[in-house]
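**Student:** If you read the sequence shown in UniProt numbering, its first letter stands for residue 1, the second for the next number, and so on.
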Amino acid sequence: MSDSSREEETLGAVRDGENPAEKDPSDWVTGDEPMTAPQRSYLDTLAREAGEEIPADLTKAEASEQIDRLQSATGRDSA
1 MSDSSREEET LGAVRDGENP AEKDPSDWVT GDEPMTAPQR SYLDTLAREA GEEIPADLTK
61 AEASEQIDRL QSATGRDSA
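1. Since Ile54 is in the alpha helix (DSSP H), which residue starts that stretch and which ends it?
2. Do you know offhand how far Leu46's Cα is from Ala56's?
3. Is it buried or exposed for Glu53, if we count other Cβ within 10 angstroms and need 16 for buried?
4. Would you check if the distance between the CB atom of Thr59 and the CB atom of Glu33 is smaller than 8 Å?
5. Classify residue 151 as buried or exposed, calling it buried when 16 or more other Cβ atoms lie within 10 Å of its own Cβ.
Below, the structure written as structure tokens:
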């Protein structure tokens with residue numbers, strides 16, 4: 001196989017069928033860090049709309065999972 005015939009991978013490249021925005025939160029490098037201020041604010045809004053109480057000490061990954069769940073529960077999901 002010559003160098004010109006093999007597929008080269010590049011940083012930032014997206015392969016067919018992949019959506020980098022849909023990376024599993026458990027695979028995030030920074031997933032164990034505390035949730036961000038925007039996550040906290042949006043999660044507070046969603047939890048109020050859903051009539052739920054959510055712990056305030058979530059990680060970024062946990063907050064993302066709760067946001068996805070509550071978006072579905074409140075009808076705010078994009079799908």
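Ideal placement from N, C-alpha and C gives every residue a C-beta, glycine not left out.
**Tutor:** Per the coordinate set shown:
1. Here residue 54 is taken as the residue at index 54 of the sequence shown, counted from 1. The continuous stretches of alpha helix (DSSP H) do not include Ile54, and DSSP gives it neither H nor E.
2. In the sequence shown, residue 46 corresponds to position 46, counting from 1. In the sequence shown, residue 56 corresponds to position 56, counting from 1. Roughly 13 Å separates the two Cα atoms.
3. The residue you call residue 53 lines up with position 53 of the sequence shown. Counting every other CB atom within 10 Å of its CB across the protein chains shown gives Glu53 a total below 16, marking it as exposed.
4. Here residue 59 refers to the residue found at position 59 when the sequence shown is read from its first residue. Here residue 33 refers to the residue found at position 33 when the sequence shown is read from its first residue. Cβ atoms of Thr59 and Glu33: closer than 8 Å.
5. The question about residue 151 has no answer here: the residues shown for the chain are numbered 1 through 79.
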